[in-house]
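Visitor: Numbering (full-length UniProt numbering), first residue to last: 1 to 272.
#1: By alpha-carbon positions, which one of 107, 95, 17 and 152 ends up nearest to residue 185?
#2: Which residue marks the beginning of the beta strand (DSSP E) containing residue 160, and which one marks its end?
#3: Within this structure, are the beta carbons of residue 203 and residue 144 separated by less than 7 angstroms?
#4: Apart from the five residues just before and just after residue 65, which ones in its own chain have a Cβ nearer than 7 angstroms to its Cβ?
#5: Contact between the segment 167 to 181 and the segment 194 to 203 is defined here as three or more beta-carbon pairs at a separation below 8 angstroms; is this criterion met?
#6: Take residue 130 and list the residues in its own chain whose beta-carbon comes closer than 7 angstroms to its own, dropping the five residues that flank it on each side.
#7: Counting Cβ pairs, one atom from each stretch, are 3 or more of them under 8 angstroms apart for the segment 52 to 72 and the segment 158 to 166?
#8: Please list, in chain order, all residues of the same chain as residue 137 whose beta carbon is under 7 angstroms from its beta carbon, the five residues on each side excluded.
#9: Using the beta-carbon count (16 or more within 10 Å), is residue 212 buried or exposed?
#10: Under 8 angstroms: do the segment 23 to 40 and the segment 78 to 98 share three or more Cβ pairs, one atom per stretch?
#11: Starting from residue 174 and walking both ways along the beta strand (DSSP E), at which residues does that stretch end?
#12: Can you say whether residue 208 is buried or exposed, counting buried as having 16 or more other CB atoms within 10 angstroms of its CB?
#13: Which residues in the same chain have their Cβ closer than 6 angstroms to the Cβ of residue 72, if we skip the five residues on either side of it in sequence?
#14: So what's residue 53 in DSSP terms, helix, strand or just coil?
#15: Residue 36: buried (16+ other C-beta within 10 angstroms of its C-beta) or exposed?
#16: Can you give the Cα-Cα distance for residue 24 and residue 16, rounded to whole angstroms?
#17: If distances are taken between C-alpha atoms only, which option among 114, 126 and 42 comes closest to residue 18?
#18: Starting from the C-beta of residue 61, find all residues in its chain whose C-beta is less than 6 angstroms away, skip the five residues before and the five after it, and write them out in chain order.
#19: What are the boundary residues of the alpha helix (DSSP H) that residue 94 is part of?
#20: Grab the span of the alpha helix (DSSP H) containing residue 48 for me, first residue to last.
#21: Can you tell me where the alpha helix (DSSP H) with residue 138 in it begins and where it stops?
#22: Whose C-beta lies closer than 7 angstroms to the C-beta of residue 114 among residues of the same chain, with five residues either side of it excluded?
#23: Compare the C-alpha of residue 45 against each of 229, 166, 181 and 92 and name the closest.
#24: Residue 84 lies in the alpha helix (DSSP H); which residues open and close that run?
#25: Would you say the beta carbon of residue 197 is closer than 6 angstroms to some non-hydrogen atom of the ligand FAD?
#26: From 110, 87, 221 and 146, pick the residue whose C-alpha is nearest to that of residue 189; which is it?
#27: Helix, strand or coil: which one does DSSP assign to residue 17?
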């Protein structure tokens, strides 16, 4: 399988991802794909050949091996990695669709763009991104449950007893490298759990950011309405100031000299 081609394809979504998305991609390709390609395939390469049962009955070893390993760990992890990385292609495909639509709109509207930034997580692209996170977390969770159900836990026993036909009686079967396989199994399980955590954190981050933007828009709209209402309605003057100014009545026909004489007579009367 050409994992480098898959990595190059999925890495294109990195420029549309948040910090949590970049961490998720790093964990997938460093702690899961690299470990799978470099070490895990070699550890599980001899599992069928070195699965030994203490019997010479033809077919007994094959039946017991199929009972204990209905699906190989290595093939199950390959399917898991494919299913987990494919939802990121939804985001890449949606962005390519936006870019194509923007080009068509630009040609038909004389240079006007439909999207200022086709990779901006707004509208339908935001929902596509969130759905891809749900699929990634769901696939990882589902494969962890399958692994736990099929192998009855994440342990790798050294000795397994089998009494299936055509075995003549209960025979003892021995698994090769049980400790090494157990370590790799736990490592892959922990890596999957970390990827699930990253997906959940990214979903919470995107939802909180969207709620915050809506609250800020609502606050700005209320503030704008408040300012517009107060600009249309002039501020009322204090009642005391209004009464003091309205109580003074001046005869418009009086001259400046007459007004001066009237004020001097008022001062003289107050002194007496």
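Think of the CB as a built atom: it goes at the ideal place given N, C-alpha and C, for glycine as much as any other residue.
These numbers were taken from a predicted model, which means no experiment stands behind them.
Guide: In short:
#1: 152
#2: 159 to 162
#3: no
#4: 48 and 51
#5: no
#6: 203 and 206
#7: yes
#8: 196, 199 and 200
#9: exposed
#10: yes
#11: 171 to 174
#12: exposed
#13: none
#14: strand
#15: buried
#16: 13 angstroms
#17: 126
#18: 53
#19: 88 to 108
#20: Neither: residue 48 is in no alpha helix (DSSP H) and is coded neither H nor E.
#21: 124 to 150
#22: 101, 102 and 105
#23: 181
#24: 73 to 85
#25: Ligands are entirely absent from the displayed structure, and the ligand FAD is therefore not among its contents.
#26: 146
#27: coil
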